[in-house]
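Note that my numbering gives residue 179 to position 4 of the sequence shown, counting from 1, and the numbers run on in steps of one. Glycine included, every Cβ here is placed at the ideal spot set by N, Cα and C. It should be emphasised that the depicted structure is a prediction, and the values quoted were computed from it without experimental measurement.
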Amino acid sequence: MDKQQPPTLYEWAGGTEALVKLTEAFYREVPKDELLGPVFAHMHPQHARHVAVWLAEVFGGPATYTQEHGGYPYMLSQHLNKGITEPQRRRWVNMMLDAADEVGLPGDPEFRAAFVSYLEWGTRLARENSQPGADPPKEAPVPRWGWGVAPPYQP
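Below you can see the structure in the form of structure tokens.
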């Protein structure tokens, strides 16, 4: 029996446009937040879009982040010596989930499990890599996140 391949998380989420809406909604709230506001006080005007194209690439979309920004090495450079705390990491995840609800990203359990899995994994690495004296690998591929153990149900 030949089963249809499941769509990528990128496709299921709605593509780059949906991820741009997500990050724009998220970063609209960040300056108002007492924990995250100071961390992003001097963010680049295109920061939300940069994060959207990172997420697009991670979730199986085009390699735009790698082509336009330099991939993993550039992402890593944006976190070095920032000293991200656990409360800041957790707030970032929670606010991103609130933004996902606000903009209508898919709410099915399979997608949300995969989405949260990446957010948890990525923010924990960012926290570790941001600590003074951290020495993370300087070169690595952009991660490619998939469905994990629960692809979407497709009748």
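Enclosing alpha helix (DSSP H) for residue i [first to last residue]
i: LEU162; result: The structure shown does not extend to residue 162, since the chain spans only 176 to 330, so no value can be given for it.
i: THR298; result: 284-305
i: ARG264; result: 261-278
i: LEU158; result: The structure shown does not extend to residue 158, since the chain spans only 176 to 330, so no value can be given for it.
Inter-residue spacing [alpha-carbon to alpha-carbon] between residue i and residue j
i: LYS257; j: ALA301; result: 9 Å
i: PRO316; j: LYS207; result: 33 Å
i: LEU230; j: GLN306; result: 23 Å
i: PRO311; j: PRO181; result: 33 Å
i: HIS222; j: PRO327; result: 30 Å
i: MET176; j: ARG287; result: In this prediction, MET176 scores a pLDDT of 42, lower than 50, which makes its location untrustworthy; the coordinate-derived value is nonetheless stated afterwards. Going by the C-alpha atoms only, they are around 28 Å apart.
i: PRO248; j: HIS254; result: 10 Å
i: THR191; j: TYR202; result: 16 Å
i: MET270; j: GLN179; result: 34 Å
i: GLU277; j: THR183; result: 22 Å
i: PRO220; j: LEU197; result: 16 Å
i: LEU194; j: HIS225; result: 10 Å
Classification of residue i by the beta-carbon crowding that lies within 10 angstroms, buried from 16 upward
i: ASN304; result: buried
i: TRP296; result: exposed
i: VAL228; result: buried
i: ALA200; result: buried
i: LYS313; result: exposed
i: VAL324; result: exposed
i: ALA216; result: exposed
i: ALA238; result: exposed
Helix, strand or coil at residue i [DSSP, three-state]
i: THR239; result: helix
i: MET342; result: In this structure the chain extends from 176 to 330, so residue 342 is not present and cannot be described.
i: ALA231; result: helix
i: TRP187; result: helix
i: LYS339; result: In the structure as shown, the chain begins at 176 and stops at 330. Residue 339 is therefore absent and cannot be evaluated.
i: ARG140; result: The structure shown does not extend to residue 140, since the chain is modelled only from 176 to 330, so the question has no answer here.
i: VAL226; result: helix
i: MET176; result: At MET176, the pLDDT of 42 sits below 50, so the modelled position is not reliable and the matter cannot be decided from this model.
Residue i: CB within 7 Å of a non-hydrogen atom of the ligand ADP
i: MET270; result: With respect to the ligand ADP, the structure offers nothing, as it holds no ligand at all.
Worksheet entry | the segment 209-218 in contact with the segment 246-263 per 3-pair CB rule at 8 Å | Of all C-beta pairs linking the segment 209-218 to the segment 246-263, three or more are shorter than 8 Å, placing the two stretches in contact.
Worksheet item: Is there contact between the segment 272-283 and the segment 233-245, where contact requires at least three CB pairs shorter than 8 Å?
Response: Contact fails: fewer than three Cβ-Cβ distances are below 8 Å.
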